[in-house]
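Numbering (this note's numbering), first residue to last: 1305 to 1732. Where is the CB? At the ideal position from N, CA and C, for every residue including glycine. Comments concern the structure below.
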Amino acid sequence: GESAEIAEPRTYSLEKGEELRFEVENESVQCQLIEGKAELFGTELRLEQKYTFQKGAKVAVFTFHGCKLKLYGTPEVEYVASETPMTIYLNLGNSLEGLREAACKEDKHGPNVLVAGPTDVGKTTFCRILLNYAVRNDRIPIYVDLDLGQGSLTIPGNIGAVVIEKPADVEDSFQITAPVVFHYGHLTQSKNTSLYNIIMKSLAEVVDRKKHNEPSIKYSGTIVNTSGWVQAYGYQSILQAIEHFAINVVLVLDQERLYSELVRDLKSKPAIKVLLVPKSGGVVSRSREFRSEMRDQKIRSYFYGTTAKPLYPYSFDIPFAQFTAYKIGSPNLPDSCLPIGMKSTDNSTKLMPIQPSSSILNHIFSISCSSSEQDLDKVITTNIYGFIAVTQVNVDRQVATYKCYSVSMLPDERQNLEKGGKIIMPPS
Ligand code: ADP
Ligand code: MG
């Protein structure tokens, strides 16, 4: 029949500075470098190796030298583009490398870079490229991801940082090992601005300690990725991030308005360079549905891994008496509900204990690393071990069953829970 046609493999000859772009809609697509040199978002392709791209992948294979590629399968879109900003990205990468060399010589901090821009301009891809170029120069930069919705480090609703020591996988981007993650619990910064600012600051402190302990991380610097919300508090939080992470290079993708606002607001700090960087014409807009599906997939792969690297989560019961679960924040009373002259207190970062009940079913909890039983305020400024999903609640037996992530974090998580550890509840 007509429906099950299998496309013949195609060979593409790319000139210097061209890229082959494709988007995988259904069946996986394979790409192979058969001659010359090429890279995918800054990671060099191995000659002859067939790389497989799964549903949802939107990628470009770029060549600085010219190459021959072979494509197998039927992507939704496939075309060669000769206009790309890759030379500009490479030059930026080289300038950053110059700053790292200088930092190394003078025992100073390497460049702390923040990448900003509206949604779908290629911020995450650009960070990936810059990190790859740094690693290819034998640097070990820190990658901070402040994006709650489409973050690259862990499941949605959290922010974190990780040391990048190896180039990204061609197929699955960076292998994230031992990230430092802070719990937020919402998908947009506006939901709890006090909390967002506090955890950004705490994350920045951890990053600073890492640099203090390991000079080569300090010289390598930081790349901070941000969310695409660049107005109102979204914009304010970019300014706050610039301060917390001691940013000295701000790279604004695509949007002139954001660029000029940042230039204006950072004028008093001449040490901070703000540059406008063009976006790639290959960047693909993603629909609301696609984003939400990506978030679900992030959660699924946290617990179950990927086809290439599956994980096997298991379930265990914890009696209600053995843990405390909290929610961060309770609604502030409007001043109009209070006696005249009284102001309501800010409860948005207070830990509120919650009674285990069927309401926690199918929720994901963060396990706090905080060990202080007395000082609950410390919990939000402490990073988390990982996540568990509540799969059953038995009110009669007073136990809850959790599905747990099955790799190295587990013993700690579990010990922490058995010691009566804290669990932080995401919002419903
Ligand atoms: P942002 O972080 O600004 O929202 P992303 O970096 O996530 O944007 O890019 C959006 C989508 O576009 C991603 O799926 C990414 O893989 C894809 N993309 C980025 N650059 C290119 C390119 N040059 N060719 C094809 N697809 C690209
Ligand atoms: Mg992004």
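Check, Outcome
"Is the beta carbon of Lys1427 within less than 7 Å of some heavy atom of the ligand MG?", "yes"
"If you check the beta carbons only, do Ile1521 and Ile1433 fall under 8 Å apart?", "no"
"Given 7 Å as the limit, tell me if Asn1398 has its C-beta closer than that to any heavy atom belonging to the ligand MG.", "no"
"Can you tell which of Thr1367, Phe1345, Leu1373 has its C-alpha closest to the C-alpha of Gln1334?", "Leu1373"
"Using DSSP's beta-bridge definition, name the partner residues of Met1504.", "Met1504 is not bridged to any residue."
"Within 8 Å, do at least three Cβ pairs link the stretch 1455-1467 to the stretch 1435-1442?", "no"
"Can you tell me the Cβ-Cβ gap for Val1448 and Asn1529, rounded? I've got them flagged as a contact below 8 Å.", "7 Å"
"Taking the straight line between their C-alpha atoms, what separation do you get for Asp1424 and Ile1542?", "17 Å"
"Cβ-heavy atom distance between Asp1476 and the ligand SAH below 7 Å?", "With respect to the ligand SAH, the structure shown offers nothing to examine, as its ligands consist of the ligand ADP and the ligand MG."
"Do Ile1446 and Ala1465 have their beta-carbon atoms positioned less than 8 Å apart in this structure?", "yes"
"Which same chain residues, not among the five before or five after Tyr1355, have their C-beta less than 6 Å away from its C-beta?", "Cys1335, Val1474, Glu1475"
"Starting from the Cα of Lys1427, find the closest Cα among Pro1582, Glu1405, Thr1705 and give me that residue.", "Pro1582"
"Should Val1417 be labelled buried (16 or more other beta-carbon atoms within 10 Å of its own) or exposed?", "buried"
"In the DSSP assignment, what residue or residues form a beta bridge with Ile1668?", "Ala1693"
"By a C-beta neighbour count over all protein chains shown, 10 Å radius and 16 as the cutoff for buried, is Arg1592 buried or exposed?", "exposed"
"Can you tell me whether Val1711 is buried or exposed, with buried defined as 16 or more other CB within 10 angstroms of its CB?", "Below a pLDDT of 50, predicted positions are generally treated as unreliable, and Val1711, at 31, falls in that range; no measurement from the model is reported."
"With 16 as the cutoff for other CB atoms within 10 Å, does Val1699 come out buried or exposed?", "exposed"
"Skipping 5 residues on each side, what residues in its chain have a beta carbon closer than 6 Å to that of Thr1378?", "Ala1311"
"Report, in whole angstroms, the separation of the C-beta atoms of Tyr1523 and Cys1408, which I expect to be a contact under 8 Å.", "4 Å"
"Out of Thr1388, Leu1403, Glu1509, Lys1320, which one is the CA nearest neighbour of Ile1370?", "Reading off the sequence, residue 1370 comes out as Gly, not Ile. Closest option to Gly1370, Cα to Cα, is Lys1320."
"Applying the 10 Å Cβ sphere with the 16-neighbour rule, what's the burial state of His1487?", "buried"
"Measuring straight from C-alpha to C-alpha, what distance separates Val1484 and Lys1514?", "11 Å"
"Tell me which same chain residues have a C-beta within less than 7 Å of the C-beta of Ser1317, skipping the five on either side of it?", "Lys1372"
"How far does the beta strand (DSSP E) with Pro1415 in it reach, from first residue to last?", "Unbroken run through Pro1415: none, as it is neither H nor E."
"In terms of DSSP beta bridges, what is Met1656 paired with?", "Lys1631"
"What is the rounded straight-line gap between the Cα of Lys1602 and the Cα of Met1504?", "22 Å"
"Only counting the same chain, and skipping five residues up and downstream in sequence, which positions put a Cβ closer than 6 Å to that of Tyr1393?", "Ile1433"
"Could you have a look at Ser1494 and say whether DSSP puts it in helix, strand or coil?", "helix"
"Nearest CA to the CA of Asn1687: which residue from Ser1506, Arg1314, Tyr1616?", "Ser1506"
"Between which two residues does the beta strand (DSSP E) harbouring Thr1367 extend?", "1362-1367"
"Determine whether the beta carbon atoms of Leu1396 and Pro1313 lie at a separation below 8 Å.", "no"
"Work out the CA separation of Ser1663 and Ile1527 for me, nearest whole Å.", "39 Å"
"Quick check: Phe1669 and Val1694, are their CB atoms within less than 8 Å of each other?", "yes"
"Please go through the same chain and pick out, in chain order, the residues whose beta-carbon is closer than 7 Å to the beta-carbon of Lys1654, but skip the five residues on each side of it.", "Gly1633, Ser1634"
"Using the DSSP secondary-structure output, state which residues sit across from Lys1571 in a beta bridge.", "In the DSSP output, where bridge partners are listed per residue, Lys1571 has none listed."
"Using 10 angstroms around the beta-carbon of Pro1730, count the other beta-carbons present and answer buried if the total reaches 16, otherwise exposed.", "Summary for Pro1730: the model assigns pLDDT 49, below 50, so the residue's position carries little reliability, and this model does not support an answer."
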